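Engineer: Sharing a structure below in structure tokens format, with a few things to ask.
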Amino acid sequence: MSQSVDDFFTQLQQSREKVPKKVTSKINEIARKAIEEMSKAAGKFLHEDLDDDKHTEEQVKAIIELFPESLSQEDEKGRLPIQRALYLKKGRSSVTFVPLLAKEGCRLGVGGEETRGGLLSVMPSDDNNTIQWLSGCCFMGEKGPASDEYDRKRAQVLEKLRDLNLLKKADIEEYGLVHNALHPKSQRRFDFFTSWDPAALEGRDSQWMKPIHRAIRSDREEKEEKFEMVLKAGMEYFPERLGFLFCKKDGISACKKAFDEIGVDKAMKIIRTCIPPSDDHPILHHAIRHAPDLENDIAQYYPDAVFLRDTNNHTLSQVEFYMNLRRGKRTFKNNSCFFIKATDAQVNTMHPETGLYPFMLAAVGNKSDLAAVYYLLSRNPKLVGHGENKDSDGAGSSRKRQREDID
């Protein structure tokens, strides 16, 4: 009857000093080879057989403790176990083990220094690292329960990595994670990143294109869904900016680009979903300020917005009056009725964004219209001197910034 392995190793330890050195040396050589083969088998298990539904963290920890080198073993494509865990393997998933593999990988130096246990190791197939793949990889099949589960698991993994301090807020900007997750099949991951770092939607001082422009400039069929994803998130965190609907790239607003890419009707259906008319957002005020060429298109879908006031308590006609003055597109010589029909509220109210009265707006810059300045002052001469002390409270410093925004 053959001896069990456990009994053999127990007896081997007890008899080691009695066995001749030549035999001991041979046994050690065989043992080393056996350990190498077992380590390879453990690595292969981590690559090919690890299963979220069948195995536990305790079991995986035990494997790593016995064979730490298995965590650094690469497959035939040069991928580490932590990277292979991102893929479905014949319907099996092992992605939930990524936080454990990363934590143990940090302890064992997997992937080298400063790679967070392989999370920052570059995938052999492209220039993206493990975190970027985790953030952006999508289920290959149709959108449905399987796709939702795929996204849900990866969002949970990202949360665990954050809890372990293995995923940092700065990674969102550095690796463009909001852009990576900008896909209908990555909705939970997109929500995770934008809730953690809403400023990523704004894209100020970022190396990346603003997400709303990225969405509508996509060549893929999902651009309508992507546009809605970004606009909805933008409205959740930046309603005062209307979700960056009117932010510009290369002089073109996101709204205008959406009209051009997916059509006015489809774009406005999405916009009305994200910015319901019943919520009384002064969308026409924004349009006049940032995209006056779109005012008529938008007004068709938001007719009641004509009667709203903005956060400065200005009516639409006041905003339109100010913006025409700022842009210098109306002159008293060619558009005298524009000035003559101006209401007292329009003439006598300071524009809060610039700290300037209308007669001042008509006077500034290279578009100064002395006839318009004279007429506006004749309507209320007392305005002279009203703005002289504004520089002391910071209004003057804002004027230069605001003038630079004039189209």
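The working numbering applies: residue 1 is where the sequence shown begins, and numbers increase by one.
Backbone N, C-alpha and C fix where the C-beta goes; we use that ideal spot for every residue, glycine too.
Remember, predicted model here, so these are calculated numbers, not experimental data.
Quick one: complete alpha helix (DSSP H) runs, 4+ long, within the stretch 333-370?
Structural biologist: Counting only runs of 4 or more residues that sit fully inside the stretch 333-370, the alpha helix (DSSP H) segments are 336-340, 344-348 and 358-361, in chain order.
Engineer: I need the DSSP call for residue 15, collapsed to helix, strand or coil.
Structural biologist: helix
Engineer: Going by Cα to Cα distance, which pick from 305, 285 and 23 is closest to residue 279?
Structural biologist: 305
Engineer: To the nearest angstrom, how far is the alpha carbon of residue 234 from that of residue 356?
Structural biologist: 30 angstroms
Engineer: Decide if residue 284 is buried, meaning its Cβ has at least 16 other Cβ atoms within 10 Å, or exposed.
Structural biologist: Burial call: buried.
Engineer: Return the residue from the list 79, 178 and 71 that minimises the CA-CA distance to residue 203.
Structural biologist: 178
Engineer: Between the alpha carbons of residue 273 and residue 127, how many angstroms are there, rounded?
Structural biologist: 37 angstroms
Engineer: Tell me the DSSP secondary structure of residue 262 in three-state form.
Structural biologist: helix
Engineer: When you compare each of 217, 175, 68 and 276 to residue 236 by their alpha carbons, which one comes out closest?
Structural biologist: 276
Engineer: Using DSSP bridges, identify the partner residues of residue 252.
Structural biologist: 249
Engineer: Where does the unbroken alpha helix (DSSP H) through residue 169 begin, and where does it stop?
Structural biologist: 169-174
Engineer: Using 8 angstroms as the Cβ pair cut-off and three pairs as the minimum, do the stretch 255-270 and the stretch 222-232 touch?
Structural biologist: Using a Cβ-Cβ distance cut-off of 8 angstroms, the stretch 255-270 and the stretch 222-232 are in contact, since at least three pairs of beta carbons, one from each stretch, lie closer than that value.
Engineer: Since residue 129 sits in a beta bridge, which residues does DSSP pair it with?
Structural biologist: In the DSSP assignment, residue 129 is bridged to 122.
Engineer: The alpha helix (DSSP H) spanning residue 43 covers which residue range?
Structural biologist: 21-44
Engineer: Does the stretch 331-341 come close enough to the stretch 301-315 that 3 or more CB-CB pairs lie under 8 angstroms?
Structural biologist: no
Engineer: Under the three-state reduction of DSSP, which class applies to residue 408: helix, strand or coil?
Structural biologist: A question about residue 408 goes unanswered here, because the residues of the chain that appear run from 1 up to 407.
Engineer: Do you know whose CA, among 239, 245, 314 and 52, lies nearest residue 214's CA?
Structural biologist: 245
Engineer: Can you list, in chain order, the residues of its chain whose CB lies under 6 angstroms from that of residue 17, leaving out five sequence neighbours each side?
Structural biologist: none
Engineer: Helix, strand or coil: how does DSSP classify residue 77 here?
Structural biologist: coil
Engineer: Measure the alpha-carbon distance for residue 103 versus residue 27 and round it to whole angstroms.
Structural biologist: Looking at the two C-alpha atoms, the distance is approximately 35 angstroms.
Engineer: Can you look up residue 204 in the DSSP assignment and give me helix, strand or coil?
Structural biologist: Residue 204: coil per DSSP, three-state reduction.
Engineer: At a cut of 8 angstroms, does the stretch 284-293 reach the stretch 316-327 through at least three beta carbon pairs?
Structural biologist: yes
Engineer: Taking the beta carbon of residue 296 as the centre, do at least 16 other beta carbons fall within 10 Å, making it buried, or is it exposed?
Structural biologist: exposed
Engineer: Under three-state DSSP, which class holds residue 6?
Structural biologist: helix
Engineer: Which term fits residue 360, buried or exposed, when burial requires 16 or more other beta carbons within 10 angstroms of its beta carbon?
Structural biologist: buried
Engineer: Considering only their Cβ atoms, is the gap separating residue 229 from residue 158 smaller than 8 angstroms?
Structural biologist: no
Engineer: Quick one: using the 10 Å Cβ neighbour count with 16 as the cut-off for buried, is residue 381 buried or exposed?
Structural biologist: exposed
Engineer: Take the Cβ of residue 152 as the centre, count every other Cβ of all protein chains shown within 10 Å, and call the residue buried at 16 or more, exposed below.
Structural biologist: exposed
Engineer: Using CA atoms only, rank isn't needed, just tell me which of 219, 239, 287 and 209 is closest to residue 250.
Structural biologist: 209
Engineer: When the distance is taken between beta carbons, is residue 75 closer than 8 angstroms to residue 47?
Structural biologist: yes
Engineer: By the three-class DSSP mapping on this structure, what secondary structure does residue 232 have?
Structural biologist: Reduced to three states, the DSSP call for residue 232 is helix.
Engineer: Could you give the distance in angstroms between the alpha-carbon of residue 371 and the alpha-carbon of residue 324?
Structural biologist: 16 angstroms
Engineer: What is the C-beta distance between residue 175 and residue 129, in whole angstroms, given that I count them as a contact (C-beta under 8 angstroms)?
Structural biologist: Yes, residue 175 and residue 129 are in contact; Cβ-Cβ is about 7 angstroms, under 8 angstroms.
Engineer: Relative to the ligand FAD, is the shortest distance from any of its heavy atoms to the C-beta of residue 344 smaller than 7 angstroms?
Structural biologist: The ligand content of the structure shown is nil, which means the ligand FAD is not present either.
Engineer: Do you know offhand how far residue 146's Cα is from residue 255's?
Structural biologist: 33 angstroms
Engineer: Within a Cβ cutoff of 8 angstroms, which residues of the same chain sit near residue 190, ignoring the five residues on either side of it in sequence?
Structural biologist: 178, 181, 182, 183, 229 and 233
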